[in-house]
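These notes concern the structure reproduced below.
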Amino acid sequence: MTSAIETAPATETAPATETAPATETAAGVAAARAEWDAWREESEQQRRQPYGFLAYSALHFLDGEPRRVEGFPGRWATGEQGPVVDLDAGESLVVDGRTVTGRHVFGSVREREFRRAASFGDVVVELSRRGGNDLLRSLDPRHPLREAYVRTPAFDHDPAWVIPAEFAPYPAPRPIEVAAAVDGIVHTHEAVGEAVFTLDGAELRLILLRAEHLADAGLILFTDATSGITTYRASRRLITPLPAPGSTRIVLDFNRAGNLQCAYTPYAPCPLAPQQNRLTIPIEAGEQIPTFRPEPVETEERAVS
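Take the sequence shown: its position 177, counted from the start at 1, is 177 in UniProt numbering, and no numbers get skipped.
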């Protein structure tokens with residue numbers, strides 16, 4: 001099966017008018033805060049799932065040469081038929097509920113597909129394709145990274161970071177190449193237009209990518225002056241609904257600027273922000289650098305004479 005990608009649509013909050021009663025304004029702020037709290041809680045629950053992305057324990061590139069991969073049974077390769085494993089005597093995998101031995105062909109993997117293809121013991125084998133590369137990953141619910149995870153802090157919810165913007169669509173969607181958090185991978189995404197807005201008196205234009213797993217939504221990958229200080233250095237992401245037909249109005253709710261999987265694990269080849277989306281101003285909203293328990297320090301016991 002295909003794994004879910006952690007995304008949450010931004011909530012469009014209409015700005016209060018000058019004639020709106022103060023109670024309605026306060027109620028709107030309270031409702032937006034409650035929705036944000038629920039989004040935060042849902043995000044944390046997803047991260048803590050036994051086979052969520054914190055369980056990733058390895059990532060390997062496959063090629064045409066069959067080879068043993070540390071931590072996996074069999075010898076793995078890929079080719080015209082897609083990923084293939086050759087299992088020696090005494091080795092097996094569980095695929096679709098049945099035990100397989102010998103040679104097994106998994107079939108071709110689509111770009112950006114995440115296929116939970118097999119398992120052995122408690123470990124799940126995932127096949128994916130990113131930037132034209134077939135990847136082999138494992139998910140182990142006992143992986144130390146998952147067990148060490150504490151939480152993801154965030155800036156406090158602030159209505160001032162719910163910013164109206166204009167959607168400037170491109171005449172036609174255009175491919176755009178972006179780097180990945182894992183070396184050797186270049187992603188190609190579909191850019192649909194730009195979000196145009198004003199912040200601190202400056203006009204900014206952020207490229208919107210098509211959010212492939214959400215209908216009628218755009219994905220913004222960005223960095224800002226907080227990146228590497230209070231927020232994850234490589235990129236954050238923001239999902240925003242695209243405008244209704246006949247409208248160009250969108251809302252950028254930076255309170256929902258979220259971390260990518262690569263903020264948590266080295267085994268996630270996340271796409272990174274295009275150059276145009278690398279802001280020099282601080283976006284002090286959304287999720288911050290996640291926290292983990294430190295690894296225990298091993299010390300040698302000294303004999304007491």
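Using N, Cα and C, we set each Cβ at its ideal position, and we do this for glycine too. Since the model is a prediction, treat every value here as computed from it, not as a measurement.
For residue i, write down the residues that DSSP places opposite it in a beta bridge.
i: Gly-218; result: Arg-210 and Thr-240
i: Ala-58; result: Ser-138
i: Gly-193; result: Pro-169 and Leu-208
i: Asp-86; result: Arg-75 and Arg-103
i: Thr-226; result: Thr-226 pairs with nothing; no bridge assigned.
i: Ile-176; result: His-189
i: Ile-163; result: Leu-252
i: Leu-93; result: Val-100
i: Glu-70; result: Its beta-bridge partners do not exist; DSSP assigns none.
i: Ser-128; result: Phe-114 and Leu-135
How long is the line joining the alpha carbons of residue i and residue j, rounded to whole angstroms?
i: His-104; j: Asp-183; result: 29 Å
i: Phe-72; j: Ser-57; result: 11 Å
i: Ala-172; j: Leu-209; result: 12 Å
i: Gly-97; j: Arg-116; result: 12 Å
i: Asn-255; j: Val-109; result: 35 Å
i: Glu-113; j: Thr-25; result: 43 Å
i: Ala-211; j: Leu-242; result: 10 Å
i: Glu-194; j: Pro-169; result: 6 Å
i: Thr-198; j: Phe-61; result: 42 Å
i: Ala-30; j: Trp-36; result: 10 Å
i: Leu-59; j: Gly-132; result: 15 Å
i: Ile-289; j: Ile-220; result: 18 Å
i: Ser-128; j: Val-196; result: 34 Å
i: Val-69; j: Val-251; result: 46 Å
Using only CA atoms, which one of the options lies nearest to residue i?
i: Gln-275; options: Leu-139, Arg-205, Glu-70 and Leu-59; result: Arg-205
i: Asp-253; options: Thr-265, Glu-287, Arg-68 and His-187; result: Glu-287
i: Glu-190; options: Gly-218, Thr-198 and Gly-74; result: Gly-218
i: Val-125; options: Pro-245, Val-84 and Glu-44; result: Val-84
i: Val-123; options: Pro-271, Ala-225 and Leu-139; result: Leu-139
i: Pro-159; options: Glu-44, Arg-33 and Ile-289; result: Arg-33
i: Ala-215; options: Glu-284, Leu-54, Ala-38 and Ile-239; result: Ile-239
i: Gly-64; options: Glu-70, Gln-46 and Thr-78; result: Thr-78
i: Pro-50; options: Asp-134, Thr-152, Arg-142 and Leu-221; result: Arg-142
i: Thr-226; options: Arg-278, Ile-185, Gly-107 and Ala-118; result: Arg-278
i: residue 306; options: Ala-38, Thr-101, Asp-134 and Glu-91; result: What the structure shows of the chain is the stretch from 1 to 305, and residue 306 is not part of that stretch, so it cannot be assessed.
i: Asp-88; options: Val-95, Val-100 and Gly-74; result: Gly-74
Any heavy atom of the ligand ADP closer than 7 Å to the Cβ of residue i?
i: Ile-250; result: With respect to the ligand ADP, the structure offers nothing, as it holds no ligand at all.
Task: Stretch-stretch touch, CB-based, cutoff 8 Å, three pairs: the region 223-233 with the region 131-150 - done: Not touching, per the Cβ criterion.
(message) Under 8 Å, with one C-beta from each stretch per pair, do the region 153-164 and the region 261-278 reach the 3-pair mark?
(response) Judged by Cβ distances under 8 Å, the region 153-164 makes no contact with the region 261-278, as fewer than three pairs qualify.
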